[in-house]
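Participant: Heads up: the sequence shown runs through residues 76 to 314, numbered per my numbering.
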Amino acid sequence: MTVTSLQSVIEKLLAENQGVRVVSFEHQGHKYWLKQAEHLTGAMRLLKAQPHASLQLEIATLAKLAQQGAPVPELVASGEDFLVVADVGMPVNRWLNADVSEAEKLQILKDSAAGLAKLHLKGLAHGRPALRDICWDDGQVAFIDFEANQKDSDMHQQQIRDLLVYIHSLYRYIGPHPEIAEPVIAAYRNAGGESLWQESQQQMLKWQWLNYLIAPLKSIGGKDLRPVYWLLKHFKDIA
Numbered sequence: 076m077t078v079t080s081l082q083s084v085i086e087k088l089l090a091e092n093q094g095v096r097v098v099s100f101e102h103q104g105h106k107y108w109l110k111q112a113e114h115l116t117g118a119m120r121l122l123k124a125q126p127h128a129s130l131q132l133e134i135a136t137l138a139k140l141a142q143q144g145a146p147v148p149e150l151v152a153s154g155e156d157f158l159v160v161a162d163v164g165m166p167v168n169r170w171l172n173a174d175v176s177e178a179e180k181l182q183i184l185k186d187s188a189a190g191l192a193k194l195h196l197k198g199l200a201h202g203r204p205a206l207r208d209i210c211w212d213d214g215q216v217a218f219i220d221f222e223a224n225q226k227d228s229d230m231h232q233q234q235i236r237d238l239l240v241y242i243h244s245l246y247r248y249i250g251p252h253p254e255i256a257e258p259v260i261a262a263y264r265n266a267g268g269e270s271l272w273q274e275s276q277q278q279m280l281k282w283q284w285l286n287y288l289i290a291p292l293k294s295i296g297g298k299d300l301r302p303v304y305w306l307l308k309h310f311k312d313i314a
């Protein structure tokens, strides 16, 4: 692939997809994603951050994370109003509905958990590592849509929040199946996340009273409330 040929494809896509937020395309056997700055109208111009500034921040964040060795999509092109990244596979939540075996789905989940632990070992945090923000392709894990402030002095607390968000998301997508969740969380602990898991458990101890209120809703509550019960129960039951 030559840079010039890819640039030509990108210019053509930009001209043909004005106002389209995200476009996927293939070039010389590789898949890419073109993302453009949002075009806000009406009151949204006041309610949301400046789209061009937000896009430039995302570009800078991707470049910096790549320099730090974080598993992020490769930034292959960027401009004032767009960025292009290489495809890094389907998000993990979509793999759970894919036509693959249950054993492979479990392995994908374990890989995602281990990937989060490795990210934390690099001294980084994601900010919202839900399964939809973790991609998997042939054993390789990559994170998208980082929200954490990597300059924050309290990085350790951000990493604890990462783990809690991840476990909540895990139960959100798999349902009340600790027999699946526990091996996945064990993969995080075994990949270097044990001490952070222990600290997360200590923090969750003071919230265990909440499960007395949530327990009646664990089967009928909303899709975001039900996982809270299983999140708290995990840290109560596992030593």
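In this text, a Cβ means the ideal position worked out from N, Cα and C, and glycines have one as well.
As the structure is a computational prediction, the values presented were derived from the model and not from experiment.
Flag this pair as yes or no: are the beta carbons of M230 and G198 separated by less than 8 Å?
Facilitator: If you number the sequence shown from 1, residue 230 lands on position 155. If you number the sequence shown from 1, residue 198 lands on position 123. Yes. Within cutoff.
Participant: Please work out which residues of its chain come closer than 8 Å, Cβ to Cβ, to D213, disregarding the five sequence neighbours upstream and downstream, and give them in chain order.
Facilitator: Numbered from its first residue, the sequence shown carries residue 213 at position 138. Around D213: G164.
Participant: When you compare only the Cα positions, how much space is there between E91 and Q234?
Facilitator: Translated into positions along the sequence shown, residue 91 becomes position 16. Translated into positions along the sequence shown, residue 234 becomes position 159. Distance between the alpha carbons of E91 and Q234: 41 Å.
Participant: Give me the Cβ distance between S176 and L206, rounded to the nearest whole Å; I'm assuming they're in contact under 8 Å.
Facilitator: Your numbering for residue 176 matches position 101 in the sequence shown. Your numbering for residue 206 matches position 131 in the sequence shown. With a Cβ gap of about 18 Å, S176 and L206 do not count as contacting.
Participant: Given 8 Å as the limit, is there contact between the segment 255-265 and the segment 179-196, that is, 3 or more CB pairs closer than that?
Facilitator: Taking 8 Å as the limit for Cβ pairs, the verdict is that the segment 179-196 does touch the segment 255-265.
Participant: Identify every run of the alpha helix (DSSP H) within the segment 171-205, keeping only runs that are complete inside it and at least 4 residues long; order them along the chain.
Facilitator: If we require 4 residues or more, the alpha helix (DSSP H) runs fully inside the segment 171-205 come out as 177-196.
Participant: What residues are listed by DSSP as bridge partners for H105?
Facilitator: In the sequence shown, residue 105 corresponds to position 30, counting from 1. Its beta-bridge partners are H102.
Participant: Can you check DSSP and say which residues form a bridge with I209?
Facilitator: Position 134 of the sequence shown, counted from the first residue, corresponds to residue 209. For I209, which the question treats as bridged, DSSP gives the partners F218.
Participant: Could you pull the start and end residues of the beta strand (DSSP E) that A161 belongs to?
Facilitator: The count along the sequence shown starts at 1 and reaches residue 161 at position 86. 157-161 is the extent of the beta strand (DSSP E) around A161.
Participant: Whole angstroms are fine: how far does the CA of E86 sit from the CA of D299?
Facilitator: Counted from its first residue, the sequence shown places residue 299 at position 224. Counted from its first residue, the sequence shown places residue 86 at position 11. Rounded to the nearest angstrom, the two C-alpha atoms are 41 Å apart.
Participant: Under a three-way DSSP split, which group does Q131 fall into?
Facilitator: Indexing the sequence shown from 1 puts residue 131 at position 56. Looking at Q131 - three-state DSSP - the assignment turns out to be helix.
Participant: Within the continuous alpha helix (DSSP H) that includes A261, where are the two ends?
Facilitator: Residue mapping note: residue 261 aligns to position 186 of the sequence shown, counting from 1. 253-263 is the span of the alpha helix (DSSP H), which, as asked, contains A261.
Participant: Skipping 5 residues on each side, what residues in its chain have a beta carbon closer than 6 Å to that of L121?
Facilitator: Here residue 121 is taken as the residue at index 46 of the sequence shown, counted from 1. For L121, the predicted model reports a pLDDT of 40, less than 50, meaning its position is unreliable and no value from the coordinates is stated.
Participant: Given A256, which residues of its chain have a CB within under 8 Å of its CB, disregarding the five upstream and five downstream residues?
Facilitator: Numbered from its first residue, the sequence shown carries residue 256 at position 181. For A256, where only same-chain residues beyond five positions count, the Cβ hits under 8 Å are I242, L245, Y246, I249, W305, H309.
Participant: Can you list, in chain order, the residues of its chain whose CB lies under 7 Å from that of K311, leaving out five sequence neighbours each side?
Facilitator: The residue you call residue 311 lines up with position 236 of the sequence shown. These residues qualify, in order along the chain: Q283.
Participant: According to DSSP, simplified to helix, strand and coil, what is K110?
Facilitator: Taking the sequence shown and counting its residues from 1, the one referred to as residue 110 is at position 35. K110: strand per DSSP, three-state reduction.
Participant: Do you know offhand how far Q103's Cα is from S270's?
Facilitator: On the sequence shown, position 28 is the one that residue 103 refers to. On the sequence shown, position 195 is the one that residue 270 refers to. Those two C-alpha atoms are separated by around 44 Å.
Participant: State buried or exposed for V97, treating a residue as buried only when at least 16 other CB atoms are found within 10 Å of its CB.
Facilitator: Your numbering for residue 97 matches position 22 in the sequence shown. It counts as exposed.
Participant: Tell me which residue opens and which closes the beta strand (DSSP E) that V151 is part of.
Facilitator: The residue you call residue 151 lines up with position 76 of the sequence shown. That run of the beta strand (DSSP E) goes 150-153.
Participant: If you count every other CB in all the chains shown that lies within 10 Å of the CB of G94, and 16 or more means buried, which is it?
Facilitator: For the purposes of this step, residue 94 is taken as residue 19 along the sequence shown, with counting starting at 1. Answer is exposed; the Cβ neighbour count stays below 16.
Participant: Between which residues of its own chain and Q232 is the CB-CB distance below 8 Å, once the five residues before and five after are set aside?
Facilitator: Taking the sequence shown and counting its residues from 1, the one referred to as residue 232 is at position 157. Result list for Q232: empty, nothing under 8 Å.
Participant: Do D162 and H195 come within 8 Å of each other at the CB atom, strictly closer than that value?
Facilitator: On the sequence shown, residue 195 is found 120 positions in, with the first residue counted as 1. On the sequence shown, residue 162 is found 87 positions in, with the first residue counted as 1. Against a cut-off of 8 Å, the Cβ pair of D162 and H195 comes out as no contact.
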